[in-house]
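Novice: Okay, here's the structure, questions in a sec.
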Amino acid sequence: MRVLVADARPVFREGLYQLLAAQGDLAVVGCAGSADDAAPTAGTLRPDVAVVGFDTDQATGFDALRRILRRAPETAVLVLAASNGDESVFAALRAGARGYLLRSAEASHIVRAVRTVACGEAVLDATVAVRLAGYFSATPSGAARAFPELTRGEQEVLVLIASGLTNNEIARRLFVSPKTVRNRVSSIYNKLHVPNRARAILLARSAGLGCTAPPAVAVTPVRTPSGGASRQDGTSLP
């Protein structure tokens, strides 16, 4: 698994490099001195994961995430941020980040997050995940009433299908893998006895679906320690 490390703080960057390079299944293929510098490096190296640290009060950091993904769209971006405020989290996710942890996260959690985002799943700091669930947990009531035979996840997907989104767009919106979306779509067809997407859309829209209600978010929460020893570079000791 090829990893790019980017952070403006040399001590933290070196600590992160040493942490990830020590893992047998991870290969750190490059380092960058900032999120801005990471974009051309990612475009050249095409890593599986880019671990990007920046201060989330700087709007340029989020622009840099977009540039990274434009240069290397197949790369999963894991943000290591200075804060977990709602605006920062949402801005990072809108920019395309697949994971969001605090710099103070335990070393073992950072390693696990790298592996998780590389597999196409999302990772959030546990406190962030709880808040996001509060914002987005409500399944559109129309789907629940009209199609009670569908699971919650299938109802979410059906609403987005009816809104005209593709499978890849739905995956990005729900922060799940495209394979998960394909499985849910297939299950929807079977349960609703429709042969294809067009018929599913027609059925959903006839039930009044197709709005832009915010979907639920599927994430792997990672806890940030409330205390304990930490390295000088900001990475907590396991």
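Heads up, the sequence shown is in our numbering, so the first residue is 63 and it goes up one at a time. The C-beta atom is built at its ideal place from N, Cα and C for all residues, glycine as well. Computed from a predicted structure; not experimentally measured.
#1: Where in the stretch 85-133 do unbroken runs of the alpha helix (DSSP H), each at least 4 residues long, occur, reported from the N-terminal end onward?
#2: Report the rounded CA-to-CA distance for S150 versus H255, giving the unit in angstroms.
#3: Grouping DSSP H, G and I as helix and E and B as strand, with all else coil, what is D69?
#4: Look at the alpha carbon of R207 and the alpha carbon of N230, and state the distance between them as a whole number of angstroms.
#5: I want to know whether the stretch 235-252 touches the stretch 171-178 - three or more CB-CB distances under 8 Å.
#6: What is the rounded straight-line gap between the Cα of A76 and the Cα of C93?
#7: Let me know the secondary structure DSSP gives M63 once reduced to three states.
#8: Taking Cβ positions, are F163 and V139 nearer each other than 8 Å?
#9: Based on Cα-Cα distance, which residue from L107, A104 and G95 lies nearest to G115?
#10: Please classify G182: does DSSP put it in a helix, a strand, or coil?
#11: Just reading off the alpha helix (DSSP H) that L163 is part of, what are its end residues?
#12: Pull up the distance between the alpha-carbon of R246 and that of V221, whole angstroms please.
#13: Spatial neighbours of A97 within its chain, please: C-beta separation below 6 Å, excluding the five flanking residues on both sides.
#14: Nearest by alpha-carbon distance to E168: which of P72, A262 and L78 is it?
#15: How would you call G215, buried or exposed, if buried means at least 16 neighbouring beta carbons within 10 angstroms?
#16: Going by C-alpha to C-alpha distance, which of L131, P135, V65 and T189 sits closest to D148?
#17: Could you give the first and the last residue of the continuous beta strand (DSSP E) run that contains L271?
#18: Beta-carbon separation of A266 and A233 under 8 Å?
#19: Helix, strand or coil, according to DSSP, for E211 in the structure here?
#20: Would you call P109 buried or exposed, if buried means 16 or more other Cβ atoms sit within 10 Å of its Cβ?
#21: Is Y79 helix, strand or coil when you go by DSSP?
#22: Is the Cβ-Cβ distance between A101 and V90 less than 8 Å?
Specialist: The short version:
#1: 97-107 and 121-133
#2: 42 Å
#3: coil
#4: 26 Å
#5: no
#6: The question names Ala, but residue 76 in the sequence shown is Glu. Straight-line Cα distance between these residues: approximately 9 Å.
#7: coil
#8: It should be pointed out that residue 163 corresponds to Leu in this sequence rather than to Phe. No, Cβ-Cβ distance for L163 and V139 is not below 8 Å.
#9: G95
#10: coil
#11: Careful: L163 lies outside any alpha helix (DSSP H), inside the beta strand (DSSP E) at G161 to L164.
#12: 12 Å
#13: A68, V114, F116, G123 and A126
#14: L78
#15: buried
#16: T189
#17: First-last for L271: undefined, no H or E at that position.
#18: no
#19: coil
#20: buried
#21: helix
#22: no
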